[in-house]
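Visitor: Residue numbers (our numbering): 678 to 1005.
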Amino acid sequence: MKRILLPFWNSDDRRLRAGWRLILHVILVAVVIVALEVLFSLAFEDLEETFAFGIVQMALSGLAIVAGTLLAARFLDRRPVSDLGLQFSSHWWRDLGYGLFLGAFLMLLIFLVELALGWVTVEELLATNRSVPFALAILWPLTQFLAVGIYEELVSRGYHFKNLAEGLSFSPLGRKRAILLAWFISSAVFGLLHAFNPNATVISTVNLFLAGLFLGLPFLLTDQLAMPIGIHITWNFFQGNVFGFPVSGTSNNETTFIAVQQGGPDLWTGGAFGPEAGVLGLAAIVVGSLLIVWWVKRTRGAVGFALAVAEYQSPANSESVAEQPPME
678 MKRILLPFWN
688 SDDRRLRAGW
698 RLILHVILVA
708 VVIVALEVLF
718 SLAFEDLEET
728 FAFGIVQMAL
738 SGLAIVAGTL
748 LAARFLDRRP
758 VSDLGLQFSS
768 HWWRDLGYGL
778 FLGAFLMLLI
788 FLVELALGWV
798 TVEELLATNR
808 SVPFALAILW
818 PLTQFLAVGI
828 YEELVSRGYH
838 FKNLAEGLSF
848 SPLGRKRAIL
858 LAWFISSAVF
868 GLLHAFNPNA
878 TVISTVNLFL
888 AGLFLGLPFL
898 LTDQLAMPIG
908 IHITWNFFQG
918 NVFGFPVSGT
928 SNNETTFIAV
938 QQGGPDLWTG
948 GAFGPEAGVL
958 GLAAIVVGSL
968 LIVWWVKRTR
978 GAVGFALAVA
988 EYQSPANSES
998 VAEQPPME
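Structure follows, in C-alpha cells:
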C-alpha cells in the first residue's frame, strides 16, 4: 500500500505531493470563483448594468482567487498564510512601498523615452469615455489592477513557485537548483497564461516569461510577495491608466490621466500589445531587476537565495518565522 501511495502522498510531510496540490488548487479556485459569481449575480441581478456592480464583481473575482488559494494553503499544503510570502511585518510593508514606487518609476521611464523620441503624442488629459466623472471612473481600473496584482502574485509566485520549489527540492537537485527550476517553470506558466490575450505574439509571450522572471526575482531573494505585488500593481496601472498604453494586449485605457496616440516601431514599443512586448519593456525589466538586487542588498546586507522558498515545516513543528529568511 505504501508503494501505491508513494506517487501521491508524502508520508514525511503527511500531505499530497506538490504536483497534485497544484492540480487541486486550480480546481478549488475555479469552484470558488463560479460559486461566488453565481451567488453575487443572483443577489444583485437588478443591478447588473450599473457601474458599481462591475467594480464589486471584479473585486469579488479577485477575492475568490485569493480565497481559493488560501484554502488550498490551509488544507492541501498544511501551511500558514505567512508561508506564502505574506508575513506583513515592518520589512514587508517597506518592501511593498518600494515595489509600488518601482513599478511606477519603470513605466515613467518608458513613457519619457517614447515621448522624447516622438513615438507617443499626448492628446488629452484626464480622459474617460464612461458616463461618470473621471474621479469615479478611475476607480474601475484601480480596483482591477489592485486585484490582479494581488491574486496573480499570490498564485504565480506565492503558491506555484513555492510548491514547485518544495516539490523539486530533492537529491541530487538540492534547494538552490530547485528554486531556480521553480523560478523558470512558474515564469513560463505565467507567460503562457498571457499567450491568449488579444494581440499576443510569440515575442510577447517570451517577453511575458521574462517579466515573470522579473516579478519572481524578489520572491527568490526574500521569500516575500511584497515587492512582486507592489511592482505588478503600479506597472499595470501606470501603463494603462496613467500613460494610456495597452496592458498585455488589452485596451485598459478607457479612463486615463494621459491619453496618447501610440507610434514608433513595434519592435521597440510593443505595438498593440503594450510595452511588455517591446525592447523598451525589456530594458525596463533589466533596470528593475538591478534595482531589486540593490534594494535587497541595502535592506538586508546581502543578496542570495532565500532558501525558505524550498523548505516546508509542518504546523506541528513550525516556530515563529524570522523576518529575514536564510540566504545562501
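We treat Cβ as the ideally placed atom computed from N, Cα and C, and that holds for glycine.
What beta strand (DSSP E) runs, 3 residues minimum, are completely inside the region 921-982?
Guide: Those beta strand (DSSP E) runs which fall completely within the region 921-982 and span 3+ residues are 932-939.
Visitor: Going by Cα to Cα distance, which pick from 840, 708 and 715 is closest to residue 695?
Guide: Locating residue 695 in the sequence shown gives position 18, counting from the first residue. Residue 695 has its Cα closest to that of 840, out of 840, 708 and 715.
Visitor: Quick one: grab the DSSP three-state call for residue 804.
Guide: Numbered from its first residue, the sequence shown carries residue 804 at position 127. Three-state result, residue 804: strand.
Visitor: Round the Cβ separation of residue 783 and residue 961 to the nearest angstrom and send it over; I've been treating them as touching at under 8 Å.
Guide: Here residue 783 is taken as the residue at index 106 of the sequence shown, counted from 1. Here residue 961 is taken as the residue at index 284 of the sequence shown, counted from 1. 4 Å between Cβ atoms; contact.
Visitor: When burial is assigned at 16 or more other CB atoms within 10 Å of the CB, is residue 716 buried or exposed?
Guide: By 1-based counting over the sequence shown, the position of residue 716 is 39. Classification of residue 716: exposed, given that the 10 Å Cβ count is below 16.
Visitor: Look at the alpha carbon of residue 732 and the alpha carbon of residue 810, and state the distance between them as a whole number of angstroms.
Guide: Position 55 of the sequence shown holds residue 732. Position 133 of the sequence shown holds residue 810. Whole-angstrom Cα-Cα distance: 15 Å.
Visitor: In whole angstroms, what separates the C-alpha of residue 765 from that of residue 759?
Guide: Locating residue 765 in the sequence shown gives position 88, counting from the first residue. Locating residue 759 in the sequence shown gives position 82, counting from the first residue. Answer to the nearest angstrom: the Cα atoms are 8 Å apart.
Visitor: Please identify the residue among 878, 884, 821 and 880 whose C-alpha is closest to the C-alpha of residue 736.
Guide: Within the sequence shown, residue 736 is the residue found at index 59, counting from 1. If we check each option's Cα against that of residue 736, 821 comes out closest.
Visitor: State the Cα-Cα distance for the pair residue 684 and residue 700, rounded to the nearest angstrom.
Guide: Position 7 of the sequence shown, counted from the start, is the residue given in the question as residue 684. Position 23 of the sequence shown, counted from the start, is the residue given in the question as residue 700. The alpha-carbon atoms of residue 684 and residue 700 are separated by roughly 14 Å.
Visitor: Would you tell me roughly how many angstroms separate the C-alpha atoms of residue 937 and residue 787, rounded to the nearest one?
Guide: Taking the first residue of the sequence shown as 1, we reach residue 937 at position 260. Taking the first residue of the sequence shown as 1, we reach residue 787 at position 110. Spanning the two alpha carbons is a distance of roughly 13 Å.
Visitor: Within 8 Å, do at least three Cβ pairs link the region 801-819 to the region 940-959?
Guide: The region 940-959 is not in contact with the region 801-819.
Visitor: Mapping the DSSP letters down to three states, classify residue 878 as helix, strand or coil.
Guide: For the purposes of this step, residue 878 is identified with residue 201 of the sequence shown, where counting begins at 1. Residue state, collapsed to three classes: coil.
Visitor: Give me the Cα-Cα distance between residue 909 and residue 681, rounded to the nearest whole angstrom.
Guide: Counting from 1 along the sequence shown, the entry for residue 909 is found at position 232. Counting from 1 along the sequence shown, the entry for residue 681 is found at position 4. Looking at the two C-alpha atoms, the distance is approximately 42 Å.
Visitor: With DSSP run on the structure shown, which of helix, strand or coil describes residue 817?
Guide: The residue labelled residue 817 in the question sits at position 140 within the sequence shown. Three-state DSSP puts residue 817 in a helix.
Visitor: Starting from the C-beta of residue 870, find all residues in its chain whose C-beta is less than 6 Å away, skip the five residues before and the five after it, and write them out in chain order.
Guide: In the sequence shown, the residue the question calls residue 870 occupies position 193. If we look at residue 870 and ignore the five residues flanking it on each side, it has no Cβ neighbours.
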